[in-house]
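Numbering (the UniProt record's numbering), first residue to last: 1 to 463.
All C-beta atoms in this analysis are idealised placements derived from N, C-alpha and C, irrespective of residue type, glycine included.
Because the structure is a prediction, the values reported are computed rather than measured.
Beneath this line is the structure, given in structure tokens, with notes to follow.
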């Protein structure tokens with residue numbers, strides 16, 4: 001049947017449509033089995049094997065036939081729309097929760113073809129995809145087909161007419177951005193980042209709300225997720241307009257300063273790689289006097305205190321770039337930083353002296369010995385400075401000598417040598433050597449994608 005529809009012309013008559021749609025519905029629309037791990041740890045695409053559909057050889061033939069029908073030159077949407085309606089689309093979307101990636105791949109292509117050919121269903125398809133996302137974000141936090149649905153949307157967004165409609169902007173801010181909150185972000189993050197960047201290329205004015213929302217959702221305790229946010233943020237900065245950059249540079253670089261200070265070396269490393277991006281460096285150069293005072297304290301502190309020597313080298317390289325941009329402003333920041341440290345030390349000394357005076361007054365009280373009786377340890381006040389485990393001069397040299405270009409280069413070379421010495425020790429997590437199911441591996445490797453590329457021609461009237 002598949003070959004007959006593919007190789008012959010004028011074979012799709014009006015009587016074929018109801019039979020083909022009914023055949024598709026009878027064979028494929030079904031209640032999916034419960035998740036194999038509904039309440040356990042989240043699915044790790046690098047470690048876990050998907051659960052494959054036992055009846056896939058049969059289902060695959062149905063999908064292939066229906067796709068060939070949709071792609072046939074004889075296919076007439078005006079006739080097919082009597083049978084491919086909203087109910088059909090809704091049942092199709094329910095199948096996206098299948099655990100078999102091969103089925104989701106065919107579903108993705110099928111739904112995309114329907115979206116391209118049935119103009120009257122486009123708004124409904126987008127609305128129902130939104131509903132899937134809403135349920136995922138606010139109710140279940142579990143759905144197997146988020147990545148595939150986002151891949152379809154990436155193609156749909158690419159075809160949106162300009163200027164963007166208000167409903168599309170709401171979709172970005174109220175649906176796509178909250179998807180960053182989910183625990184399983186790693187499963188669909190590349191597709192999500194692509195959709196966000198597509199929106200910003202269409203309408204640069206959306207950049208500020210997008211970045212501010214990303215900063216609002218920024219992970220606090222999930223370092224791998226933080227690396228994903230940094231990846232996406234760099235993609236956004238690659239397409240940002242200079243005027244939009246100035247609106248968000250202050251909160252943006254304050255967050256980057258926190259990332260540089262992260263004890264998780266991959267987070268700090270990923271943030272410092274921004275200084276290898278030529279376009280980002282041009283944006284920094286144009287706003288040097290605002291960005292350097294934000295980044296300098298984090299750079300200087302971590303160039304001395306971070307446990308990872310690779311981070312030291314990257315920080316010194318970034319400091320070198322800053323110094324080469326504008327030596328005068330760099331020296332001013334250095335002086336200002338030392339003065340701020342002196343003020344902090346002075347306040348600390350004043351606080352110590354105040355507590356010591358309080359302790360002295362307490363000792364004069366007639367009941368002091370009674371209250372202190374029975375205490376075995378020394379209750380005298382100890383300054384936090386004395387219990388600090390960091391080096392005595394953690395933020396500067398003992399003589400407070402300002403940084404020079406020669407000193408920065410020397411430190412960078414020293415850090416580079418230390419990195420090469422420790423290079424034999426792998427720091428990245430490796431995949432576990434778990435036994436793998438040979439049938440699953442063979443089935444996935446034999447699977448041929450239904451369609452490598454999703455291209456929807458833009459339709460200004462219906463997008």
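- Inter-residue distance for residue 247 and residue 200 is about 15 Å (C-alpha atoms, whole angstroms).
- For residue 324, the enclosing alpha helix (DSSP H) stretches over residues 309-325.
- A Cβ-Cβ distance of about 6 Å is found for the pair residue 74 and residue 9, placing them in contact under the 8 Å criterion.
- The distance from the Cβ of residue 158 to that of residue 191 is about 13 Å, inconsistent with a contact at the 8 Å cut-off.
- Comparing alpha carbon positions, the residue from 91, 64, 11 closest to residue 30 is 91.
- Under the three-state reduction of DSSP output, residue 159 falls in the coil class, being neither helix nor strand.
- Inter-residue distance for residue 132 and residue 181 is about 15 Å (C-alpha atoms, whole angstroms).
- Separation of the CB atoms of residue 67 and residue 113 is rounded to 7 Å, and the pair is thereby assigned contact status at 8 Å.
- One alpha carbon belongs to residue 204, the other to residue 251, and they sit about 18 Å apart.
- Remark: C-beta atoms of residue 318 and residue 275 approach each other more closely than 8 Å.
- If the five residues before and after residue 107 are omitted, its C-beta is found closer than 6 Å to the C-beta atoms of 95, 96, all from its own chain and listed in chain order.
- With contacts defined by Cβ atoms closer than 8 Å, residue 169 and residue 206 form a contacting pair.
- Using a Cβ distance threshold of 8 Å, residue 288 and residue 337 do not count as a contacting pair.
- When DSSP states are grouped into helix, strand and coil, residue 141 belongs to the coil group.
- With respect to the C-alpha of residue 294, the residue from 208, 237, 256, 127 having the closest C-alpha is 256.
- If only complete runs of 4 or more residues are kept, the segment 202-238 shows the alpha helix (DSSP H) at 207-216, in order along the chain.
- Inter-residue distance for residue 264 and residue 271 is about 11 Å (C-alpha atoms, whole angstroms).
- The DSSP-derived three-state label of residue 361 is helix.
- By the Cβ neighbour-count rule, residue 369 is exposed, with fewer than 16 other Cβ atoms within 10 Å of its own.
- For residue 106, the enclosing alpha helix (DSSP H) has its first and last residue at 101-117.
- Counting C-beta atoms within 10 angstroms of its own C-beta, residue 335 has fewer than 16 neighbours from the protein chains shown and is therefore classed as exposed.
- When secondary structure is reduced to three states using DSSP, residue 270 falls in the helix class.
- Taking a cut-off of 8 Å on C-beta distances, the segment 404-412 touches the segment 312-326, as three or more cross pairs fall below it.
- With contacts defined by Cβ atoms closer than 8 Å, residue 228 and residue 172 do not form a contacting pair.
- Residue 264 sits in coil when the DSSP states are folded into three classes, being neither helix nor strand.
- Residues 291, 294, 295 of the same chain have their beta carbon placed closer than 7 Å to that of residue 253, with the five preceding and five following residues left out of the count.
- With respect to residue 269, residue 311 sits close: the two C-beta atoms are nearer than 8 Å.
- With fewer than 16 other CB atoms across the displayed protein chains lying within 10 angstroms of its CB, residue 58 is exposed.
- Under the three-state reduction of DSSP output, residue 57 falls in the helix class.
- The criterion of a C-beta distance shorter than 8 Å is not satisfied by residue 214 and residue 230.
- Assignment of residue 32 by DSSP, reduced to helix, strand and coil, places it in the coil class.
- Cβ-Cβ separation between residue 83 and residue 17: approximately 6 Å, consistent with a contact (criterion under 8 Å).
- Cβ atoms of residue 124 and residue 150 stay farther apart than 8 Å, at about 18 Å.
- Taking the Cα of residue 320 as reference, the smallest distance to any Cα among 303, 307, 308 is reached at 303.
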